[in-house]
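Visitor: Structure in structure tokens, see below.
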Amino acid sequence: MQIVTPKQMSRLEERSEKLGVSKRQLMENAGGKLAELIENYCTAEAKLKPEYCSVVFLAGTGNNGGDCFAAADILVYKGYRITIIHIGGLPKTPLAQEMLSRLPRDRITFIEGFRSGNVEAAIEAAELDYMTIQPKSSDSSDGKKEHNPLDDILLAEKNRMGLIKGAVVGAQVLVDGVFGTGFHGQLDKDTMGIFGIGSGAYRIAVDVPSGGNSSSGTAAVGIFKADETITFGFIKSGMSQFPMKKYCGKVTVADIGIPEEALRILDGERKYYRIERNFLASYPPKRSRDAHKGDFGTVLVIAGSSSMRGAAAFATLGALRSGVGLVRLASVEKCIDTVSVLAPEATFLELDSDDYGYMLYDSSREPLEEAMKKADAIVIGCGMGVTPDTIELTKFITQNAPCPVIIDADGINCIAKDIDILMKKRTDIIITPHMGEMARLLSCDTEMIAENRLIAAEKYAEQFGITVVLKGAGTVVADSHSTAANHTGNAGMSVGGSGDVLAGMIGAAVAQGCGIFDGACAGVYMHGLAGDKAAQKLGMEAMLPRDIISNISDAFSILKEKKRNMTV
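In this note's numbering, the protein residues as written are 374 to 941.
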């Protein structure tokens, strides 16, 4: 599924207008889809007749408010009880003003949901709580009450807040149309307070939840927490990333009439996608009855050390379970002794080790050079350690491999020590950092990566001409031209070893002919799907990386079933 940035969405709307679909028509279409969603909830789910369904719109000053007005104009004539609370003021855009002017004011309740500057000053001067308009402290000096010149202002304000609270608490549906895709920064106290009013209403966000950054996926304190978000045209890029993603609830994409031809304006620009089964159209490859192991590729895994044998085992098993024909593990003796018991289906290449159990470079070059000739994909780094020898070994692989190389874990830490590993590469590279490793690569703190996941992956991919798999909730896959965000997976996968499994799975997808970007997407999607099955069976708290591996077969079954359904 294609997703877009807020800037791209604005350009699509501009292009649509030039193609004959006006912004007014787009807003009316959006309002119609919003009204339809509200109707479906009230009648089909809540089982309410319109006259018993109170719909409260929190309408901002921009076009999101206009979408609310367009929906209200439809619902009010169907008998729904409509309340519109103006947040931040009356509408400022011509289209929103036009939509508001159409509404039958005698059939709708309007409430001013914003404070003027003098009211805010009065609240601060009287040291009152912002939402309750009550004293912040219940202590009194002598019990006497003198007339406060601000009392009249505060009484009116208290009455206004009472109206707002009453409307929100009594609503069956609460619609957030305050801020749109252009929002960034922080929410004001007034809006936060209204969002925080307790209510049993079904909460719907219009296009995006107010308080979310639609470009980066960050979320302001007090963001509107939606049960469902109806987004227009396309999912916005920030909605694919946490923390914003968790505030969207169920996401419904509504077609508002953007012409197919309008999409051509994005030709040549970075494309954004949500990873779904269409990315796996060629994966797994079909198996004819006369197929043999050579038809499904060979993965060479260069991983492990005496003290980190599990990482090599997970990468090896992840590849084996993902349909590849052959997996060969190159590692030190003690690691091979362990993995050969856990994965007897693999073959092994023993490398010399130093006194600490890490691979040596000089003696490993020749055997690895021979092993690479037979590989269709190479996975390097899992549990390998970071030493002068492993750094040189990683550089040797990227400069001499005849096939794509997937670099994970300590291989990434080797890059942080010697950027020539990427600068002098001679093959296609996929790196699979978590946010801490990405921060080391970019010499910044993890918080900066967390707030700019899409940009971090994209810029690094562009700089070195590689594919970046930035792991985490909503894993990002980026190369020089495209960005994809994953939606499978869960917090139970936040355990050491899960990333090693992923590296092996990506290696298997690439070795079977998926391509670099699509292979990375396939591995990420299937890894998350297997993790979801493991969590379903065991619970997120109890699952382990080995459970991801054992559920890869279930993930393939789900994938094949979905593909069959697509052809029906």
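Beta carbons: idealized from backbone N, C-alpha and C, even for Gly. This one's a predicted model, so the numbers in the text were calculated from it and none came from an experiment.
Counting only runs that start and end within the segment 631 to 677, where is the beta strand (DSSP E) found for 3 or more residues in a row?
Guide: Listed in chain order, they are 644 to 647 and 671 to 675.
Visitor: Under 8 Å Cβ to Cβ from alanine 812, same chain only, skipping five residues before and after it: list those, please.
Guide: As a working note, residue 812 is residue 439 in the sequence shown. Once the five neighbours on either side are set aside, the close Cβ partners of alanine 812 are Asp818, Thr819, Met821 and Ile822.
Visitor: Report the residue from Ser853, Lys747, Val874 and Val759 whose alpha carbon sits nearest the alpha carbon of threonine 805.
Guide: The sequence position of residue 805 within the sequence shown is 432, counting from 1. Checking every option, the nearest Cα to that of threonine 805 belongs to Val874.
Visitor: Extract the residue ranges of the beta strand (DSSP E) inside the segment 828 to 883, only unbroken runs of 3 or more that lie entirely within it.
Guide: The segment 828 to 883 contains these whole beta strand (DSSP E) runs: 840 to 843, 849 to 851 and 855 to 858.
Visitor: For alanine 789 and lysine 798, what's the separation of their Cα atoms in angstroms?
Guide: Taking the first residue of the sequence shown as position 1, residue 789 is located at position 416. Taking the first residue of the sequence shown as position 1, residue 798 is located at position 425. Answer to the nearest angstrom: the Cα atoms are 15 Å apart.
Visitor: Kindly list the residues whose CB is nearer than 6 Å to the CB of tyrosine 450, restricted to its own chain and excluding five residues on each side of it in sequence; keep chain order.
Guide: Residue numbering aside, residue 450 sits at position 77 when the sequence shown is read from its first letter. Excluding residues within five positions, none has a Cβ falling inside 6 Å.
Visitor: Confirm, please, whether the CB-CB distance from glycine 870 to glycine 683 is below 7 Å.
Guide: Position 310 of the sequence shown, counted from the first residue, corresponds to residue 683. Position 497 of the sequence shown, counted from the first residue, corresponds to residue 870. Yes, Cβ-Cβ distance for glycine 683 and glycine 870 is below 7 Å.
Visitor: Is DSSP giving arginine 701 helix, strand or coil here?
Guide: Stepping through the sequence shown from its first residue, residue 701 is reached at position 328. DSSP places arginine 701 in strand when its eight states are reduced to three.
Visitor: Could you pull the DSSP bridge partners for valine 377 from this structure?
Guide: Counted from its first residue, the sequence shown places residue 377 at position 4. Lys609, per the DSSP bridge assignment.
Visitor: Go ahead and pull the three-state DSSP assignment for aspartate 949.
Guide: Given a span of 374 to 941 for the chain in the structure shown, any question on residue 949 remains unanswerable.
Visitor: Compare the C-alpha of tyrosine 729 against each of Asn437, Leu699 and Gly758 and name the closest.
Guide: Reading the sequence shown from its first residue, position 356 is the one you call residue 729. Here the closest residue by C-alpha is Gly758.
Visitor: First and last residue of the alpha helix (DSSP H) that includes serine 427?
Guide: Taking the sequence shown and counting its residues from 1, one reaches residue 427 at position 54. No alpha helix (DSSP H) holds serine 427; the beta strand (DSSP E) holding it covers 427 to 432.
Visitor: The alpha helix (DSSP H) with alanine 445 in it runs from where to where?
Guide: If you number the sequence shown from 1, residue 445 lands on position 72. Per DSSP, alanine 445 belongs to the alpha helix (DSSP H) from 436 to 448.
Visitor: Quick check on DSSP: helix, strand or coil for histidine 807?
Guide: Taking the first residue of the sequence shown as 1, we reach residue 807 at position 434. Three-state result, histidine 807: coil.
Visitor: Where methionine 878 and isoleucine 751 are concerned, what is the direct C-alpha to C-alpha distance, given to the nearest angstrom?
Guide: Along the sequence shown, one-based indexing puts residue 878 at 505. Along the sequence shown, one-based indexing puts residue 751 at 378. Straight-line Cα distance between these residues: approximately 11 Å.
Visitor: Under 8 Å by Cβ, that's how I've got methionine 374 and glutamate 601 pegged, so tell me the actual separation to the nearest angstrom.
Guide: As a position in the sequence shown, residue 374 is number 1, starting the count at 1. As a position in the sequence shown, residue 601 is number 228, starting the count at 1. In fact, because the Cβ distance is near 17 Å, the residues do not count as touching under 8 Å.
Visitor: When you compare only the Cα positions, how much space is there between alanine 443 and valine 579?
Guide: Walking along the sequence shown from the start, residue 443 turns up at place 70. Walking along the sequence shown from the start, residue 579 turns up at place 206. Their backbone Cα atoms lie some 12 Å apart in a straight line.
Visitor: DSSP state of aspartate 791, grouped into three classes?
Guide: Indexing the sequence shown from 1 puts residue 791 at position 418. Coil at aspartate 791, not helix or strand.
Visitor: Please report the distance separating the alpha-carbon of alanine 851 from that of isoleucine 603.
Guide: Position 478 of the sequence shown, counted from the start, is the residue given in the question as residue 851. Position 230 of the sequence shown, counted from the start, is the residue given in the question as residue 603. Answer to the nearest angstrom: the Cα atoms are 26 Å apart.
Visitor: For tyrosine 575, which three-state DSSP category applies?
Guide: As a working mapping, residue 575 is identified with position 202 in the sequence shown. In the structure shown, tyrosine 575 sits in a strand (DSSP, three-state: E or B).
Visitor: Using C-beta distances below 7 Å, list every residue in its chain close to alanine 884, excluding the 5 sequence neighbours before and after it, in chain order.
Guide: Counting from 1 along the sequence shown, the entry for residue 884 is found at position 511. Contacts found: Gly670, Thr671, Val672, Val697, Asp749 and Ala750.
Visitor: Identify whether alanine 750 lies in helix, strand or coil by the three-state DSSP scheme.
Guide: Position 377 of the sequence shown holds residue 750. Reduced to three states, the DSSP call for alanine 750 is strand.
Visitor: Expressed to the nearest angstrom, what Euclidean distance is found between the alpha-carbon atoms of cysteine 441 and valine 624?
Guide: As a working mapping, residue 441 is identified with position 68 in the sequence shown. As a working mapping, residue 624 is identified with position 251 in the sequence shown. Going from the Cα of cysteine 441 to the Cα of valine 624 covers about 18 Å.
Visitor: Under a three-way DSSP split, which group does valine 778 fall into?
Guide: The residue you call residue 778 lines up with position 405 of the sequence shown. Here valine 778 sits in strand by DSSP.
Visitor: So what does DSSP say about isoleucine 458, is it helix, strand or coil?
Guide: Within the sequence shown, residue 458 is the residue found at index 85, counting from 1. Correct three-state label for isoleucine 458: strand.
Visitor: Rounded to whole angstroms, what is the Cα-Cα separation between phenylalanine 687 and arginine 919?
Guide: The sequence position of residue 687 within the sequence shown is 314, counting from 1. The sequence position of residue 919 within the sequence shown is 546, counting from 1. Distance between the alpha carbons of phenylalanine 687 and arginine 919 is about 7 Å.
Visitor: Give me, in chain order, the residues of the same chain whose beta-carbon lies closer than 7 Å to that of isoleucine 794; leave out the 5 immediate sequence neighbours on both sides.
Guide: Locating residue 794 in the sequence shown gives position 421, counting from the first residue. If we look at isoleucine 794 and ignore the five residues flanking it on each side, its Cβ neighbours are Thr767, Lys768, Thr771, Cys787 and Ile788.
Visitor: Below 8 Å on the Cβ atoms is my contact criterion, and I expect threonine 554 with glutamate 824 to pass it. Report the Cβ-Cβ distance as a whole number of Å.
Guide: Reading the sequence shown from its first residue, position 181 is the one you call residue 554. Reading the sequence shown from its first residue, position 451 is the one you call residue 824. Between glutamate 824 and threonine 554 the Cβ distance is about 18 Å, and since that is not below 8 Å, they are no contact.
Visitor: Near lysine 906, what residues of its chain come up, given a Cβ to Cβ distance below 8 Å and the 5 sequence neighbours on each side ignored?
Guide: Working through the sequence shown from its first residue, we reach residue 906 at position 533. Asn924, Asp927, Ala928 and Ile931, listed in sequence order.
Visitor: Counting C-beta neighbours from all protein chains within 10 Å, is the total for glutamate 810 16 or more, i.e. buried, or is it exposed?
Guide: Here the question's residue 810 lines up with position 437 in the sequence shown. By the 10 Å Cβ count, glutamate 810 comes out buried.
Visitor: Tell me the DSSP secondary structure of valine 551 in three-state form.
Guide: Locating residue 551 in the sequence shown gives position 178, where the first residue counts as 1. Three-state DSSP puts valine 551 in coil, outside helix and strand.
Visitor: Buried or exposed: which applies to aspartate 479, given that a residue is buried once 16 or more other Cβ atoms fall within 10 Å of its Cβ?
Guide: What you label residue 479 is simply residue 106 of the sequence shown in a count that begins at 1. Aspartate 479 should be labelled exposed.
Visitor: Ignore the nearest five residues each way along the sequence and tell me which others in valine 689's own chain have a CB closer than 7 Å to its CB.
Guide: Within the sequence shown, the letter at position 316 stands for residue 689. The question names valine, yet the displayed sequence has threonine at residue 689. Excluding residues within five positions, the ones whose Cβ falls inside 7 Å are Val674, Val700, Leu702, Val712, Ala716, Ala719 and Gly877.
Visitor: Less than 7 Å separating the beta-carbons of threonine 373 and alanine 893?
Guide: In the structure as shown, the chain begins at 374 and stops at 941. Residue 373 is therefore absent and cannot be evaluated.
Visitor: Would you give the residue range spanned by the alpha helix (DSSP H) that isoleucine 1030 belongs to?
Guide: Outside the shown range of the chain (374 to 941) lies residue 1030, about which nothing can therefore be said.
Visitor: Is there contact here, the segment 423 to 438 with the segment 604 to 616, by at least three beta-carbon pairs under 8 Å?
Guide: They do not touch, by the three-pair rule.
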